[in-house]
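Student: Under this note's numbering, think of the first position of the sequence shown as 1, with each following residue one higher.
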Amino acid sequence: MEAKKVVFVAFAIEDEGQRNLLKGQSLHTQSPFEYIDMSVKEAYETDWKDKVRTRIRRSDGVIALISKDSLSSSGQKWEMKCAEEEDKLVLSIWAYSNDRTVLPGVTAKPWAWDTIANFIDKL
Numbered sequence: 001m002e003a004k005k006v007v008f009v010a011f012a013i014e015d016e017g018q019r020n021l022l023k024g025q026s027l028h029t030q031s032p033f034e035y036i037d038m039s040v041k042e043a044y045e046t047d048w049k050d051k052v053r054t055r056i057r058r059s060d061g062v063i064a065l066i067s068k069d070s071l072s073s074s075g076q077k078w079e080m081k082c083a084e085e086e087d088k089l090v091l092s093i094w095a096y097s098n099d100r101t102v103l104p105g106v107t108a109k110p111w112a113w114d115t116i117a118n119f120i121d122k123l
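1) Going by beta-carbon coordinates alone, are D99 and K68 separated by less than 8 Å?
2) Looking at C-alpha atoms only, which residue of S73, G75, V102 and A108 is the closest neighbour of V90?
3) Are I93 and L65 close, meaning C-beta to C-beta below 8 Å?
4) Alpha carbon to alpha carbon, what distance is there between D47 and I116?
5) Look up W94 in the DSSP assignment and say whether it is helix, strand or coil.
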């Protein structure tokens, strides 16, 4: 078995349930991929940007869950910018099938397991 990929998941806190779904699906034995989730589960009190940058640096890539809440999530936007600065591959997927929010400069794709598996295989 190949080594697990380390993936940071950038998401608006309002979309935590979708992040949990993504993580849960990766644990299914029939899932086409497996990864270690490096996303932040609880907000850091201090020096959060330094701590998050460290997590992103340690990651093989980043999955960004895009929703209407991403528009106002300064933390998620910063995480995505940080991933770009750290030259990490980023896959942006829409968090919900009925939400096709457009973030300037971001090309999001529908949430599909093949898309996610192909991304993780490239890492």
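A virtual CB, placed ideally from N, CA and C, is assigned to each residue, including glycine.
Tutor: By the coordinates alone:
1) The residue labelled residue 99 in the question sits at position 99 within the sequence shown. The residue labelled residue 68 in the question sits at position 68 within the sequence shown. Yes, the Cβ-Cβ distance between D99 and K68 is below 8 Å.
2) Looking up residue 90 in the sequence shown gives position 90. Checked all of S73, G75, V102 and A108; the closest Cα to V90 is A108.
3) Stepping through the sequence shown from its first residue, residue 93 is reached at position 93. Stepping through the sequence shown from its first residue, residue 65 is reached at position 65. In this structure, L65 lies closer than 8 Å to I93 by Cβ.
4) Locating residue 116 in the sequence shown gives position 116, where the first residue counts as 1. Locating residue 47 in the sequence shown gives position 47, where the first residue counts as 1. Distance between the alpha carbons of I116 and D47: 31 Å.
5) Against the sequence shown, residue 94 aligns to sequence position 94. Note: W94 maps to strand in three-state DSSP.
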